[in-house]
Amino acid sequence: MNESQARAAVRRLLSFGRCDAMEAGVDAWSNGVTRLADNLITQNVVTESVSVWVECAYGRRHGLASTSDFSEEALRSVVRRAEAVARVSPPDPEYMPPVIPREAGKYLVVRDYSPRTAALGPMEKARELAAAIRMARARKLRLSGAYQNGWSLGAFGNSVGLATCHRSSSAEIHLTALGGDGSGWAQDKSFDCADINVGRVATEAAGIAERSRGAGDLPAGKYTVILSPAALAELLSFLIYDFDAKTADEGRSSLRGKLGKKVFGDNITIRTDPAFRECPGNPFSDGGLASRPVDWVRHGTVANFRYSRYWAKKKRKKPTSYPSNVIMEGGNETADGMVASMERGLLVTRFWYIRHVDPMVPSVTGMTRDGLFLVENGKVTRPVRQMRFNENLLDLFNRITALGRPVRTGEYMSMYLPPVKVRDFNFTSTTRF
Amino acid sequence: MINLCREAVEAARRKGASYADARVVFQRTQYIGAEDRHITGVSDTETSGIGVRVIAGGAWGFAASSSLKRADVARAAARAVEVARASALARAPQGIRWAKEDRHEDAFHTPHIKDPFKVPIDEKVGLLLRANGEAMRVRGVKKCHSWLYFHRERRYLANSEGTAVTSDAVVSTGQLSATAVDRATAKTRSIEAYPMCTGYEHIDATPFVAEARRVGEEAVAKLKGKTCPTGRKDLILHPSHLALTMHESIGHATELDRVLGMEESMAGSSFATIDKLGKLKYGSKLMNIVCDNTMPFGLATRGYDDDGVKGQRWHVIRDGILVDYQSSREVCHAIGAKRSRGSCRADSWGSIPIIRQSNIGLEPGREPLSLDELIADTKDGIYIEGMGSYSIDQKRLNFQFGGDCFWEIRNGRKGAILKDVVYQAMTPEFYGSMDAICDARFWMPFGVGNCGKGDPMQVARMTHGSAPARFRKIRVGPGVK
Numbered sequence: 010m011n012e013s014q015a016r017a018a019v020r021r022l023l024s025f026g027r028c029d030a031m032e033a034g035v036d037a038w039s040n041g042v043t044r045l046a047d048n049l050i051t052q053n054v055v056t057e058s059v060s061v062w063v064e065c066a067y068g069r070r071h072g073l074a075s076t077s078d079f080s081e082e083a084l085r086s087v088v089r090r091a092e093a094v095a096r097v098s099p100p101d102p103e104y105m106p107p108v109i110p111r112e113a114g115k116y117l118v119v120r121d122y123s124p125r126t127a128a129l130g131p132m133e134k135a136r137e138l139a140a141a142i143r144m145a146r147a148r149k150l151r152l153s154g155a156y157q158n159g160w161s162l163g164a165f166g167n168s169v170g171l172a173t174c175h176r177s178s179s180a181e182i183h184l185t186a187l188g189g190d191g192s193g194w195a196q197d198k199s200f201d202c203a204d205i206n207v208g209r210v211a212t213e214a215a216g217i218a219e220r221s222r223g224a225g226d227l228p229a230g231k232y233t234v235i236l237s238p239a240a241l242a243e244l245l246s247f248l249i250y251d252f253d254a255k256t257a258d259e260g261r262s263s264l265r266g267k268l269g270k271k272v273f274g275d276n277i278t279i280r281t282d283p284a285f286r287e288c289p290g291n292p293f294s295d296g297g298l299a300s301r302p303v304d305w306v307r308h309g310t311v312a313n314f315r316y317s318r319y320w321a322k323k324k325r326k327k328p329t330s331y332p333s334n335v336i337m338e339g340g341n342e343t344a345d346g347m348v349a350s351m352e353r354g355l356l357v358t359r360f361w362y363i364r365h366v367d368p369m370v371p372s373v374t375g376m377t378r379d380g381l382f383l384v385e386n387g388k389v390t391r392p393v394r395q396m397r398f399n400e401n402l403l404d405l406f407n408r409i410t411a412l413g414r415p416v417r418t419g420e421y422m423s424m425y426l427p428p429v430k431v432r433d434f435n436f437t438s439t440t441r442f
Numbered sequence: 415m416i417n418l419c420r421e422a423v424e425a426a427r428r429k430g431a432s433y434a435d436a437r438v439v440f441q442r443t444q445y446i447g448a449e450d451r452h453i454t455g456v457s458d459t460e461t462s463g464i465g466v467r468v469i470a471g472g473a474w475g476f477a478a479s480s481s482l483k484r485a486d487v488a489r490a491a492a493r494a495v496e497v498a499r500a501s502a503l504a505r506a507p508q509g510i511r512w513a514k515e516d517r518h519e520d521a522f523h524t525p526h527i528k529d530p531f532k533v534p535i536d537e538k539v540g541l542l543l544r545a546n547g548e549a550m551r552v553r554g555v556k557k558c559h560s561w562l563y564f565h566r567e568r569r570y571l572a573n574s575e576g577t578a579v580t581s582d583a584v585v586s587t588g589q590l591s592a593t594a595v596d597r598a599t600a601k602t603r604s605i606e607a608y609p610m611c612t613g614y615e616h617i618d619a620t621p622f623v624a625e626a627r628r629v630g631e632e633a634v635a636k637l638k639g640k641t642c643p644t645g646r647k648d649l650i651l652h653p654s655h656l657a658l659t660m661h662e663s664i665g666h667a668t669e670l671d672r673v674l675g676m677e678e679s680m681a682g683s684s685f686a687t688i689d690k691l692g693k694l695k696y697g698s699k700l701m702n703i704v705c706d707n708t709m710p711f712g713l714a715t716r717g718y719d720d721d722g723v724k725g726q727r728w729h730v731i732r733d734g735i736l737v738d739y740q741s742s743r744e745v746c747h748a749i750g751a752k753r754s755r756g757s758c759r760a761d762s763w764g765s766i767p768i769i770r771q772s773n774i775g776l777e778p779g780r781e782p783l784s785l786d787e788l789i790a791d792t793k794d795g796i797y798i799e800g801m802g803s804y805s806i807d808q809k810r811l812n813f814q815f816g817g818d819c820f821w822e823i824r825n826g827r828k829g830a831i832l833k834d835v836v837y838q839a840m841t842p843e844f845y846g847s848m849d850a851i852c853d854a855r856f857w858m859p860f861g862v863g864n865c866g867k868g869d870p871m872q873v874a875r876m877t878h879g880s881a882p883a884r885f886r887k888i889r890v891g892p893g894v895k
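Line order of the protein sequences matches chains A and B.
Quick note on the numbering used here: the first sequence kicks off at 10 and runs consecutively.
Quick note on the numbering used here: the second sequence kicks off at 415 and runs consecutively.
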């Protein structure tokens, strides 16, 4: 499906509406994932999907329906279903009418589509992975992981004349290397597969796996840690949604009452910029409103909250989108340089299975994974067994004593984050590997 | 639609597949959400498509399309073979070992009385608003959320061995949560109609309105409750809580693909490796864990899995010893089994089938024992209901769990509500400390509706049943402030 077809489908959907107000969208995507385990390709999938959605409203009564059936009959039917749902729904006091074009703002130019990434086929990916597997076998390691690529196209329109469309591509690889009792992990992601070097990622994972063999005991307790950007991304993803204004204003967020206040260390600046080349975000959201760059934290001060259209109107603020990417300012030091300046502490490859313990603190727990190393007098001296941590995130972002050079990272959200050094990181137990 | 599946299978065979299966899946969901005294949204969504899985050149390929036009279906079948040819660049020397299964032609339907999609929306809206209204009447409750969710999946599966099966499964679930807020913090308490494969009668049977005030009052009590002491306590875990603990520490740990390292880079592996089969002391002798994909109303009960294997019932842990795994046709040979246990499922037409947890649960105690008697027999403990915070390492050993509500037990009496309770343990030690399970009168099934696994991530549902059980001297604390 191309952009003009998607836009035409949106117009077609809107033409079927008999309701007072209407929004409609088309989402088309293709996703290919080649998956490894134990030096073999064990799963390999290509999925293509086209779906449409419509939200119809009568006054403040609204309802949503969607379908992946793209036939003319189904397109008419999905509008009728949304209208039927809207008619029987009670009025929603928080319903906001469709965005008029001048209210939407000017869309940023977000360049995150690469034709070669969209077209990358399973054979090309398999060849690159086969070379990585040969490297792993030569080092007596076993490689697992996945190499994903795809494209997506989102078209949006409403009954008051707003229409927009955006096409993007994505590529991501993560590999785990195992050897003996050691394990290592590395990742890269970009909208352009030309940015991704499968061999480099495999070699990095292999090196960590080799260095983490023979992990020994270390008692749980408070340690200075160097967190990789991937580890920091896991923590930050549990904080970023606390910047919602309504939740905070109603007293249900860890950031309640903290807008404009100094909450984090001076060295913490976190922002969103949809047009940022290293990890582009979405040019529109929330009813077709243009996404704007937003500073969430400026030198430790909570600079902005996310306002939905309803809450922005109620509080007389400008609406702000949820962050579609997260960028944290860093420094120039590499993770290796940070190790060299560390007297004693732990180097963390990544985290696993983080969950809130109390979202109001917010406190979280989780495990280290795929390489935890003791650093003494500026050198990595030995691998240690994985540990569980319990941490207070607001407090943690006041204990960051050094920031390194940012890189692309993030599991579900695009992020550009530095490695960081954190003092008194709280490990509460160990495991057996 | 089964003929369309057969056409896809034939198309793949003509392109060179030595095995092929095709699934056409139609999914419909309805969601109604309420916040405080208003409805936030009603949605009615549908998705449909076909997934074609093949073995060609000794390797796997899978392609899926949301289009069910015959030309697009043929294209997906051909694409699956192309994908398999790419996979063959790094295939196992012996190719795919595919366990035998009888040819089946059958149809399965979820038993239900009231089709949830035929119940008028205004009836559902009325229920949620009445329940929210009751909870909001409690002084201190500042926010209330509730929702109902219904899911129907019609599946048509055919393979190149002649199997042709269909299933029609309906899931009903809902939740009400009340949040109490004071100057310092906020606490939430919930009541759920845990997901079950059944109709709207499940919602009718859940006392959302009648229990709403209690839920609100317990949210306020959590706010004012005593902070969990740090130390070791006996835990009595209600089935609504134990469901998730078992899910994480037993269900995932006994998935054979994880055990063999096939999920190493994402969901992780397992400490319960195949060299320990028949030997690993997983827990105390009271511990009997049964998988049952024939269980009425079970979320994993669909007649046949996506490998075309008929639903079964079997022990994975008997008298505390690991005796079996949850398996698929691809991997069951690794433990010497000639037949799969039938645990291979995909979450949609667009996903490849992978091993997912069965309906898996703890058998009740054999001696008569009620929950009241179990509490009366406990001097210094904590009673936990509902699901809360949960985290476990990638081999399923070191875990930390919270819950939804916690009560102190002192000298055989259930006392005041505690707050901020979490417990940490290692899986074998935890189940080794289990010294009492209530009898079959107290056995209850609870569903997990959002189990993530796979890459790309798939979300599956399964049921976990148990009776209340006691675990001795478990490390507890308030987490970190």
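For glycine and all other residues, C-beta sits at the position ideal for the given N, C-alpha and C.
Own chain, CB closer than 8 Å to residue i, minus 5 neighbours either side, in chain order
| i | result |
| --- | --- |
| Lys270(A) | Thr310 and Val311 |
| Phe442(A) | Asp190, Ala224, Arg394 and Gln395 |
Inter-residue Cα distance where the pair is residue i and residue j
| i | j | result |
| --- | --- | --- |
| Ala141(A) | Asn546(B) | 56 Å |
| Phe293(A) | Tyr331(A) | 11 Å |
| Gly193(A) | Pro534(B) | 54 Å |
| Glu515(B) | Val42(A) | 28 Å |
| Lys724(B) | Arg755(B) | 8 Å |
| Asp101(A) | Trp763(B) | 34 Å |
| Lys231(A) | Glu400(A) | 11 Å |
| Arg489(B) | Ile279(A) | 46 Å |
| Val450(A) | Arg151(A) | Any property of residue 450(A) remains undetermined from this structure, which presents chain A solely from 10 to 442. |
Own chain residues within Cβ distance below 7 Å of residue i, not counting five before or after
| i | result |
| --- | --- |
| Arg732(B) | Asn702 |
| Ala91(A) | Val63, Glu64, Cys65, Gly72, Leu73 and Ala74 |
| Val634(B) | Val552, Gly554, Val555 and Ala594 |
Within 7 Å, strictly: CB atoms of residue i and residue j
| i | j | result |
| --- | --- | --- |
| Ser77(A) | Tyr122(A) | no |
| Thr877(B) | Leu694(B) | no |
| Thr439(A) | Arg394(A) | yes |
| Leu542(B) | Ala448(B) | yes |
| Leu227(A) | Leu426(A) | no |
| Ala299(A) | Ala95(A) | no |
Any chain A beta carbon closer than 7 Å to residue i
| i | result |
| --- | --- |
| Pro859(B) | no |
| Phe844(B) | no |
CB contact below 7 Å: residue i versus chain B
| i | result |
| --- | --- |
| Tyr232(A) | no |
| Glu137(A) | no |
| Thr418(A) | no |
| Thr126(A) | no |
| Leu99(A) | Per the sequence shown, the amino acid found at residue 99(A) is Pro instead of Leu. Yes, its Cβ sits closer than 7 Å to a Cβ of chain B. |
| Arg90(A) | yes |
| Val42(A) | yes |
| Pro102(A) | yes |
| Asp304(A) | no |
Other residues of its chain near residue i: CB distance less than 6 Å, five sequence neighbours each side excluded
| i | result |
| --- | --- |
| Thr644(B) | Gly891 |
| Phe746(B) | It should be noted that the sequence gives Cys, not Phe, for residue 746(B). So the list reads Ala513 and Ser754, once near-sequence residues are dropped. |
| Ser683(B) | Arg672, Gly675 and Lys809 |
| Val234(A) | Gly354, Leu355, Val357, Val431 and Phe434 |
| Lys895(B) | Reliability of the predicted coordinates at Lys895(B) is poor, the pLDDT of 47 falling under 50, and the value obtained from them is presented with this limitation in mind. Nothing meets the Cβ criterion. |
| Ser581(B) | Phe522, Arg569, Arg716 and Gly717 |
| said: Extract the residue ranges of the beta strand (DSSP E) inside the region 461-523 of chain B, only unbroken runs of 3 or more that lie entirely within it. | reply: 473-479 and 519-523
| Sequence ranges, beta strand (DSSP E) only - wholly within the region 801-873 of chain B, length at least 3 | 804-806, 812-815, 819-824, 827-833, 836-840, 848-851 and 858-867
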